[in-house]
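Residue numbers (full-length UniProt numbering), protein chains in the order written: chain A, 1 to 696; chain B, 1 to 471.
By construction, the Cβ of each residue, glycine as well, lies at the ideal position given by its N, Cα and C atoms.
What you are looking at is a predicted structure, and each value in this text was computed from that prediction instead of being measured.
Beneath this line is the structure, given in structure tokens, with notes to follow.
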Amino acid sequence: MASATDNLDPGLIAIALVVRAKEGPRFVFHYPPHPSGKPIKREARFGTELHGERAEKVNEEEDDSEDDDLEDAIASIDLSAETGGDARKVHHVEAPEGDNHFTNKKGENVAPWDHLWEFHTSDLESILTPVRAFHKKKFELSLDPVQFITYPMHIRENGTWKKKKPKKSRKEKKAEETAEGEASGEKKSSSDEGENPGGMTMFNVVFMLNVSKHEEDARIAEIYEHIIKKFNKAFNHAQASDNYVWKESERILQMKERAREELRPMSWLWNEILIKSTLAGAIRDIFNAVSKSKIATLHLATVPPINISLQIPVPCFLTSFPSSRDRAMLGLLLTSANPMVDEEGNEDPTHLNKHFALLLLDDEEKIITEIQNDNTELTAPLLQCIRLCSPNQSFLQVAQNQNVELNSLLTLAQHVIYWRRAIAIPPLHGRETYIVSPNADFRKLPMASIAWKKAFPLAPALSSYLALLSAAPRPYKNFAPSKNHRPTYLAMLAWAIRGGWVTQLRTFAWILVWPEIIYEVTYELKASAVEKAKNAPGATSGTSTSGTDESSTEKKQVDPSAPLTTSQAAEKARLERLATKARGDAQEFESEFKKLPVPVATAHPSNNNAAHLKDISPYIIKDPHKVSHEESLYIAAYGKRFEDAKLRESWFRFCGKYFNGKEALEMIPLQEGMKRKEAWAIIIAFQEMIMICKHW
Amino acid sequence: MQASFSTEKGSNNSGKNAVRRDFLKPPSFAREMIEGIFYARFLPQKGAKVLHQSPPGCIVAEPDIDKPRLFDFEIMAEYILPRQAFCNRYVTICDPDNKYRILGHPVCIYDEMYDRNEFMFNFGIVIGFDVDKTPYEAVVRRLASTFTEMEIQNQFLSLEDTVSTKGRRSISALLEIIKEDVNNYNECMIPVDDANTINMKLFPLYTPPPPVKSWHVPISKTKFDSVTDATWDLTMIRILPHIDGIKDVRRIAHDADVSLPLTKLALQHLLYYDSILMVDLFLIGNIYAPTPDITEFMDDKEGIMDECANYVYINGPRLPNFYLCRLYTTLCSSRTLKEWLKLHLDQNFPILNYIDVRRFIQFGLIKGLIYRVHKYAISSRTLHSISQENNLQLPSTPSPEPVHRSHSLTHEKSKSSDTPRVRNLDEEDLKGYTNGMHCFDKIVVESNMGDVKIMDQLRRFPKGDVEIVYR
Numbered sequence: 001m002a003s004a005t006d007n008l009d010p011g012l013i014a015i016a017l018v019v020r021a022k023e024g025p026r027f028v029f030h031y032p033p034h035p036s037g038k039p040i041k042r043e044a045r046f047g048t049e050l051h052g053e054r055a056e057k058v059n060e061e062e063d064d065s066e067d068d069d070l071e072d073a074i075a076s077i078d079l080s081a082e083t084g085g086d087a088r089k090v091h092h093v094e095a096p097e098g099d100n101h102f103t104n105k106k107g108e109n110v111a112p113w114d115h116l117w118e119f120h121t122s123d124l125e126s127i128l129t130p131v132r133a134f135h136k137k138k139f140e141l142s143l144d145p146v147q148f149i150t151y152p153m154h155i156r157e158n159g160t161w162k163k164k165k166p167k168k169s170r171k172e173k174k175a176e177e178t179a180e181g182e183a184s185g186e187k188k189s190s191s192d193e194g195e196n197p198g199g200m201t202m203f204n205v206v207f208m209l210n211v212s213k214h215e216e217d218a219r220i221a222e223i224y225e226h227i228i229k230k231f232n233k234a235f236n237h238a239q240a241s242d243n244y245v246w247k248e249s250e251r252i253l254q255m256k257e258r259a260r261e262e263l264r265p266m267s268w269l270w271n272e273i274l275i276k277s278t279l280a281g282a283i284r285d286i287f288n289a290v291s292k293s294k295i296a297t298l299h300l301a302t303v304p305p306i307n308i309s310l311q312i313p314v315p316c317f318l319t320s321f322p323s324s325r326d327r328a329m330l331g332l333l334l335t336s337a338n339p340m341v342d343e344e345g346n347e348d349p350t351h352l353n354k355h356f357a358l359l360l361l362d363d364e365e366k367i368i369t370e371i372q373n374d375n376t377e378l379t380a381p382l383l384q385c386i387r388l389c390s391p392n393q394s395f396l397q398v399a400q401n402q403n404v405e406l407n408s409l410l411t412l413a414q415h416v417i418y419w420r421r422a423i424a425i426p427p428l429h430g431r432e433t434y435i436v437s438p439n440a441d442f443r444k445l446p447m448a449s450i451a452w453k454k455a456f457p458l459a460p461a462l463s464s465y466l467a468l469l470s471a472a473p474r475p476y477k478n479f480a481p482s483k484n485h486r487p488t489y490l491a492m493l494a495w496a497i498r499g500g501w502v503t504q505l506r507t508f509a510w511i512l513v514w515p516e517i518i519y520e521v522t523y524e525l526k527a528s529a530v531e532k533a534k535n536a537p538g539a540t541s542g543t544s545t546s547g548t549d550e551s552s553t554e555k556k557q558v559d560p561s562a563p564l565t566t567s568q569a570a571e572k573a574r575l576e577r578l579a580t581k582a583r584g585d586a587q588e589f590e591s592e593f594k595k596l597p598v599p600v601a602t603a604h605p606s607n608n609n610a611a612h613l614k615d616i617s618p619y620i621i622k623d624p625h626k627v628s629h630e631e632s633l634y635i636a637a638y639g640k641r642f643e644d645a646k647l648r649e650s651w652f653r654f655c656g657k658y659f660n661g662k663e664a665l666e667m668i669p670l671q672e673g674m675k676r677k678e679a680w681a682i683i684i685a686f687q688e689m690i691m692i693c694k695h696w
Numbered sequence: 001m002q003a004s005f006s007t008e009k010g011s012n013n014s015g016k017n018a019v020r021r022d023f024l025k026p027p028s029f030a031r032e033m034i035e036g037i038f039y040a041r042f043l044p045q046k047g048a049k050v051l052h053q054s055p056p057g058c059i060v061a062e063p064d065i066d067k068p069r070l071f072d073f074e075i076m077a078e079y080i081l082p083r084q085a086f087c088n089r090y091v092t093i094c095d096p097d098n099k100y101r102i103l104g105h106p107v108c109i110y111d112e113m114y115d116r117n118e119f120m121f122n123f124g125i126v127i128g129f130d131v132d133k134t135p136y137e138a139v140v141r142r143l144a145s146t147f148t149e150m151e152i153q154n155q156f157l158s159l160e161d162t163v164s165t166k167g168r169r170s171i172s173a174l175l176e177i178i179k180e181d182v183n184n185y186n187e188c189m190i191p192v193d194d195a196n197t198i199n200m201k202l203f204p205l206y207t208p209p210p211p212v213k214s215w216h217v218p219i220s221k222t223k224f225d226s227v228t229d230a231t232w233d234l235t236m237i238r239i240l241p242h243i244d245g246i247k248d249v250r251r252i253a254h255d256a257d258v259s260l261p262l263t264k265l266a267l268q269h270l271l272y273y274d275s276i277l278m279v280d281l282f283l284i285g286n287i288y289a290p291t292p293d294i295t296e297f298m299d300d301k302e303g304i305m306d307e308c309a310n311y312v313y314i315n316g317p318r319l320p321n322f323y324l325c326r327l328y329t330t331l332c333s334s335r336t337l338k339e340w341l342k343l344h345l346d347q348n349f350p351i352l353n354y355i356d357v358r359r360f361i362q363f364g365l366i367k368g369l370i371y372r373v374h375k376y377a378i379s380s381r382t383l384h385s386i387s388q389e390n391n392l393q394l395p396s397t398p399s400p401e402p403v404h405r406s407h408s409l410t411h412e413k414s415k416s417s418d419t420p421r422v423r424n425l426d427e428e429d430l431k432g433y434t435n436g437m438h439c440f441d442k443i444v445v446e447s448n449m450g451d452v453k454i455m456d457q458l459r460r461f462p463k464g465d466v467e468i469v470y471r
């Protein structure tokens, strides 16, 4: 998945811890020791393209492409070595520049860690310890080209790092504040020695980013929300419970001081620090994980220890086709089947559709070992969830068959999905159709072919398998040579979907109203209008085509004997004229109507080529959930034609729910609790009345 | 390249080039984006002080102005006039409430004539936190460079109060004009004194466009003949008439007698300013399939059906929109256009009598209703050799690039497939294309062979070696 997440690289180039202690701001530690100032490289491909344009590139920077190669090479080394916490190894490879102490022009001894890029740490430490106004606020400073993003933590006004549980009365607190507000920082720290050993008044874990200007804001918002804020909060918690940040900072600063006296090289010192300080280790771990868009797991050696996992969530599938302007996310599964949509069709990350199934993104045994290693109170239930779920069964089916509670199963599954160990897909089944995903990453074919061969030694080669699927979409079971092969073929399918090679081709439908039906409905509407006109009260004296005139005709007849004033007479004459006209219209309408051919219900309305239907074009009902009066009559007219009661009932049930172009017909058997065969038999009975479109 | 297209994208030049770019796409900024503009200076005795500001009272309190300040200058002063180490670079900072962003370029001039041997100032701009800050970077940089230059020339800033202001504008007036002009006209051109003028213009920063491929077909979104004039780039003028929605990039290069790389570069520029679109080569053997966005067409969002009807019903009488729906939904990943036409002909619907299929497909592609299903040839032998190579050397070289024969485009009539000049690619040449990364369009264009011919050649590979995958 590395290529798919290339695009999501947050552009993190370094992390540093800065504190304000008794003697002033201190730049405690930064990682990596020699960060690159260069902006990160982005995926050069767009849309679903596979080939870069390197060969034909005629760009301004001709030699830059060589750099690209070089950087690619370095990146691939990084990726291959990423498995363990062996970041140190990489640093040995990098042959650290400026690893040793030197003497500057003024004759002072300068330690190699006194500089970060061109900045002296004594300058950085002052600018990166913002005042209390920034306490628990986003601090965003850019010193071109580096962005410094932090969430500064100040000591509370009462000299503690944590809100005291029993809340003080307002008055008391205010008094304390005013008393303390006057006091200078120095005085405060000395007076609060008991509460705040070391006299640290603030700390700040600074994240340094270098991203291109187009995406700066989005990337900063992401990393701030998911990483920076949480990380600083965790440190604050550790500081509050165990004075952790200060203890560790003091230790690191002392080590730095000693190393300065002993003129130790920077690489040696950084090794020492990373071995001895869990705080430094945590900074390293989070840097390594976040800069590779991975999940960071942190262990802070406080009492009690703090373990947290942080990540910037990555999408596990794409719901729309990447346009030619989008950066490529090759290898990411492409599907419109979104498991996180609630009943109303709104996206809701907390709602997992119970008709979906869990597809693990890695080998089951490997994931189980990983979870066992985490060893939290969730471990046992998570393992059970992983063991029970299968990509071939929906959560609901699993819950029913295994007799477990559905909601807890869904919660656990969601957890597994959030931590990138699985995705949710519509259950795999031999009756469904699968095609090669337009976003499949063919660059990985050589390696994937080998892995495929290993996993399925007897199956056709991966490329043949993909060729087979892509040639002509058919229900998947047709590809298995025999019934006995089907389980293996389903396993192959799960493998292929997991890698984003294959996606499900789903069927969508709209209600299609043929001219015959439209004519029938309009004819009946007219007939009932004629009927109404005939039977209207006072039909002897006058009729009206529309019901609105009825009241006036009635009114006229209320007192026929009363003497007439001139105005009344005029009114009467007028009404009579109107009535005669209406009568005439009605008669005309009726005679016109009688001339119309009587609708004939044919067995196949789509093939009805009767002359009177020529000028009517077929009609598509866009949203059967909110239909107009006529549209509901069309649906009813179709319904009437089903002689089979079950079919008729299904027609009305399916219309509103599934024939809207948004819900896949493949979901019918799952949601209605039917057998697939049965559901498709019904859908086929409807096939003339619906317009079908197949897409992923 | 010459003239307008030789300048850097989005950079801040006033003058001819800039004006011309506006024709392509006038920048559309909402008005009044600059909330405040100020001139701050570090005074040896008093520290950081704001000397001028516009509107009055926006940064520091002024007598007679009773308006809330945008932010607390005392808190931000540290970042507006920072330590020397951070001067002479573009610096931005957000206020604690994340309501405003201050864009500045603190300058520190070292000279013995100043107190403490240095003169430090910053011309800053305050914009809303959510406002796109990118166009303003150039403005801030320009302010810094212009005033630095003027300070070095005649101590414009440091002697502000002592020298008579004859013949020059006051700084506070300048700030006011700059803010108003940039907010209202997105540019300003203000003579400061006899020698100096402040020229600035806001340029939107577009995202870089995808690279142009030789088998792509550009479609214009702009009426080029109404905006081009003789001062335009010569290459561009030659290329523009050939952008007709039919010719592919390679053909345009040939017909315009411009080299292919240059053609691509020119088209890349047009793409950057969003004045053309790119679609793929239209051939009757192509396969297209609907995307989930097809529902937007069926729902007739924003009258898309009529839009489509106007565009495609040009061969005969206009039919009801229903037929368009039917045509789009019957496209599928295993049906070539030829088969699709036949399908409808069999159902008594002769598509070609009514619609222009090329336009119909292009409409679908541009609106994202359908996508092109590309064809790939994959040879197991090629895959095998790549994986072997990868095992031998770690830095994965992404497979052998296909051999590029010189196409001698400018002289050879490149009638897609059956030109007598076409040489047969030998198996080795074709092999480079069989790693799964090269779609048939690319092979067709680069090898000058038609689909059928390529398939013929592929048949010469060992039996069962090559698979055709549609993706």
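Within chain B, Pro290, Ile294 and Thr329 have C-beta atoms less than 7 Å from the C-beta of cysteine 693 (chain A), given in sequence order.
Within the same chain, Phe297, Met298 and Met305 come within 8 Å of cysteine 325 (chain B) by CB-CB distance, once the 5 residues on both sides are set aside. With respect to the 9 Å criterion, glutamine 372 (chain A) and leucine 383 (chain A) are classified as neighbours on the basis of their beta carbons.
Boundaries of the beta strand (DSSP E) harbouring aspartate 280 (chain B): 276-280, taken from the DSSP string. In terms of Cβ geometry, lysine 338 (chain B) and tyrosine 470 (chain B) do not form a close pair [threshold 9 Å]. The Cβ atoms of valine 314 (chain A) and arginine 420 (chain A) sit closer than 9 Å to each other. Counting the other Cβ atoms within 10 Å of the Cβ of glycine 345 (chain A) gives fewer than 16, which makes it exposed. Note on arginine 142 (chain B): 16 or more other CB atoms within 10 angstroms of its CB, so buried under the neighbour-count rule.
With its beta carbon less than 9 Å from one in chain B, tryptophan 510 (chain A) belongs to the interface. Taken in chain order, the members of the segment 464-496 of chain A whose beta-carbon sits within less than 8 Å of a beta-carbon on chain B are Ser464, Leu466, Ala467, Ser470, Ala471, Ala472 and Pro473.
For leucine 445 (chain A), the nearest beta carbon of chain B is closer than 9 Å to its own beta carbon.
Among the residues of chain B, those whose CB is under 8 Å from the CB of aspartate 123 (chain A) are Arg83, Ala85 and Phe86, following chain order. For arginine 89 (chain B), the chain A residues whose C-beta falls within less than 8 Å of its own C-beta are Leu143 and Asp144, listed in chain order. For secondary structure counted as the beta strand (DSSP E) over 3 or more consecutive residues, the segment 318-384 of chain A holds these complete runs in sequence order: 357-360.
For the segment 436-453 of chain B, the set of positions with a beta-carbon nearer than 8 Å to some beta-carbon of chain A reads Gly436, Met437, His438, Cys439 and Lys442 in chain order.
The continuous beta strand (DSSP E) containing arginine 20 (chain A) extends over residues 12-21. Taking 9 Å as the cut-off, the beta carbon of leucine 271 (chain B) is found closer than this to the beta carbon of valine 212 (chain B). Lysine 201 (chain B) sits in a strand when the DSSP states are folded into three classes. Aspartate 9 (chain A) and phenylalanine 508 (chain A) have their C-alpha atoms spaced approximately 36 Å apart. Interface annotation, tyrosine 371 (chain B): in contact with chain A, CB-CB separation under 9 Å. For lysine 49 (chain B), no alpha helix (DSSP H) encloses it; the enclosing beta strand (DSSP E) starts and ends at 47-54.
Under DSSP, arginine 41 (chain B) takes part in a beta bridge, and its partners are B:Lys49 and B:Phe121.
The contact set of proline 320 (chain B) on chain A, defined by CB atoms closer than 8 Å, consists of Ser617 and Pro618 in chain order.
Between the C-alpha atoms of histidine 101 (chain A) and asparagine 204 (chain A) there is a straight-line separation of about 27 Å. Taking 8 Å as the Cβ-Cβ cut-off, the segment 425-443 of chain A approaches chain B at Ile435, Val436, Ser437, Pro438, Ala440, Phe442 and Arg443, given in chain order. Proximity to proline 56 (chain B) across B:Ser259, B:Gly303 and B:Asp66 peaks at B:Asp66, based on C-alpha coordinates.
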